[in-house]
Structure formats: structure tokens, C-alpha cells
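For the sequence shown, numbering that gives the first Met the number 0 gives the first residue as 0, with consecutive numbering after it. Presented below is the structure to which this report refers.
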Amino acid sequence: MSSHHIIREKQEPALYIHYLGDFNEEYLGQLLEWSPTLIVSAAVYEKAISLGLKVDIVVNSNDQDFQENTKVIHAKSEELDAVLDYLIAEKYPAVNVIDSKSDLRELGSYIDAINIVVFTETEKSYAIKSGFKVWKPKDSIFNIEVVSYFETSNLKQTENNTFEVINDGFVEFIFNVPYLFISEVL
């Protein structure tokens, strides 16, 4: 009897690759570890296939030939909006996005409906609610666009939007706005 894990569909965050560039293959492997639903932009499809990935959904295809059982989403506006609309309609709780930029503020209208984490070649960005706690080793770096007052423990500001973890341990964020957008340097 084998000891394979049984993964229930939509239990893991979906993965949408909008832009791959020089994204770290080790991080990519970690994001793919539990076989999430893999969605790619048509511009990334060939690269994804060349990496041996099984693509589930392609966005904005121009009638390319795809792997068997690959769905297509036709985006009328922004591809990322079309992907998020699709995932929310299909009741996915979360999505990891690989892109060239991580402006979460543009995605603000989706944050109540789906948990979004955006990865670029250099950082991981996400929205947090007040009371969020995370364990980090000393000297870990957060980039936080300071648009409102917030309090934190175990963190010191080193430059305008750069904060450094003081000691190994938990970092907690307390604030009065619905969300705070933070990035961790990879």
C-alpha cells in the first residue's frame, strides 16, 4: 500500500503565472509541490511546457495547440482580473501569482473574496489584517508601503519603506485600516 497524499481539489492555492522571467526555479518548485491548479498567460505557455509543467488553464490564447484537457479563459480586460474572477466563481480560497511587479493595491477589490500572494523575482507580497503574526529570523526584511499608521513588534524601520526583524521570533502588526500590504524580500 503506498502512502500518497490525497489532495482535495482547491485545497491548495491555485498558481497563476503571468510573467516568469528569471523567477527562481526552487521557489517555483515549492509553489508547485502540492499540484495546484496551474494557470498561465498565453505568453508564458511555451516556457511552462518546456519546464515540464502540466498546464490546466491558459489565459488569452490565440488558438495554440495545448496539452490535453487544458481549458482556456478569454480575458476581455486585464488577464489577472479575468483569472481572479474565474477563481472566485469556482470558489478557490487562494491564489499565488508570479508576475514582474507586485502592486497589490490594484487588486484591492478582490482581497475580501480571495487570498492573493504575489511573487516577483525578488519579493513575496500579500495583504494582512490587523493582528497578523508571523515568525521570522533576525535580519529578515519587509517592505511596507506606509500609507497609514501601524504598530508592530520586533521590527525596526531602516529606510523609508524597509523594515528589519530585530530578533528571531514573531512579528505582529496592529493597525486601524482594513488591510496593510507587505512584502518580504526573497
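C-beta: ideal position from N, C-alpha, C; glycine also. As the structure is a computational prediction, the values presented were derived from the model and not from experiment.
Check	Outcome
Three-state class that DSSP yields for Gln29 in the structure shown	helix
Host beta strand (DSSP E) of Leu179 (start-end)	179-184
Range of the contiguous alpha helix (DSSP H) that encloses Tyr125	Not the alpha helix (DSSP H): Tyr125 falls in the beta strand (DSSP E), residues 122-127.
DSSP state of Gly107 mapped onto helix, strand, coil	helix
Reduced DSSP secondary structure (H/G/I, E/B, other) of Lys132	strand
Beta-carbon contacts of Ser147 that lie in its chain and below 8 Å, excluding the five residues immediately before and after	Phe174, Asn175, Val176, Leu179
For His73, the nearest candidate out of Glu67, Asp64, Ile87, Ile56 (CA to CA)	Ile56
Ile113 - DSSP class collapsed to helix/strand/coil	coil
For Ser101 and Glu78, believed in contact at Cβ under 8 Å, the rounded distance	Rounded, the Cβ-Cβ distance is 16 Å, inconsistent with contact.
Val71 beta carbon less than 8 Å from that of Ile38	no
Which of helix, strand or coil DSSP assigns to Lys155	strand
Exposure label - Phe186; buried when at least 16 CB within 10 Å	The structure shown does not extend to residue 186, since the chain is modelled only from 0 through 185, so no value can be given for it.
Nonlocal neighbours in the same chain, by C-beta distance under 7 Å from Gln156, ignoring five residues either side	Phe162
Outcome for Ser40 when other beta-carbon atoms lying within 10 angstroms are tallied against a minimum of 16	buried
Straight-line gap, Ser34 to Leu185 (C-alpha atoms, nearest Å)	22 Å
Environment of Asn166 [buried if 16+ CB atoms lie within 10 Å]	exposed
Per-residue DSSP class, three states only, for Lys99	Reading the sequence as shown, one finds Ser at residue 99 and not Lys. Correct three-state label for Ser99: coil.
Endpoints, alpha helix (DSSP H) assigned at Leu83	78-88
Selection from Phe131, Phe172, Ile113 that minimises the alpha carbon distance to Gln10	Ile113
Under 8 Å between C-beta atoms of Ile97 and Phe22	yes
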